[in-house]
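Student: After the structure tokens below, expect a handful of questions from me.
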Amino acid sequence: MGFVPQPNLHLAVNILGKDKRVKLKMKNKQFLAAMDDKYLARVLALA
1 MGFVPQPNLH LAVNILGKDK RVKLKMKNKQ FLAAMDDKYL ARVLALA
């Protein structure tokens with residue numbers, strides 16, 4: 001990818017924070033979303 005502008009980064013962190021089904025730290029949720037398409041789709045559905 002490339003540089004992610006700051007407002008989009010905050011938006012992504014807020015969406016990941018809404019997911020309460022996975023008990024992981026934010027850094028690990030970001031990694032999981034990058035590696036698992038099903039998890040990413042579920043998180044994006046929360047938005």
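So the sequence shown is numbered by full-length UniProt numbering: it starts at 1 and just counts up by one. We put the beta carbon where it would ideally sit given N, CA and C, even for glycine.
DSSP state of Asp-37, grouped into three classes?
Tutor: Reduced to three states, the DSSP call for Asp-37 is helix.
Student: Let me confirm a value: Lys-23 is counted as buried when at least 16 other C-beta atoms fall within 10 Å, else exposed. Which label applies?
Tutor: Looking at its Cβ environment, which holds fewer than 16 other Cβ atoms inside 10 Å, Lys-23 is exposed.
Student: Report all residues from its chain with a CB closer than 7 Å to the CB of Ala-33; omit the five preceding and five following residues, and keep chain order.
Tutor: Only Leu-16, Tyr-39, Leu-40 and Val-43 meet the Cβ criterion.
Student: If you draw a straight line from the alpha carbon of Val-13 to that of Ala-45, how long is it in whole angstroms?
Tutor: Cα to Cα, Val-13 sits roughly 14 Å from Ala-45.
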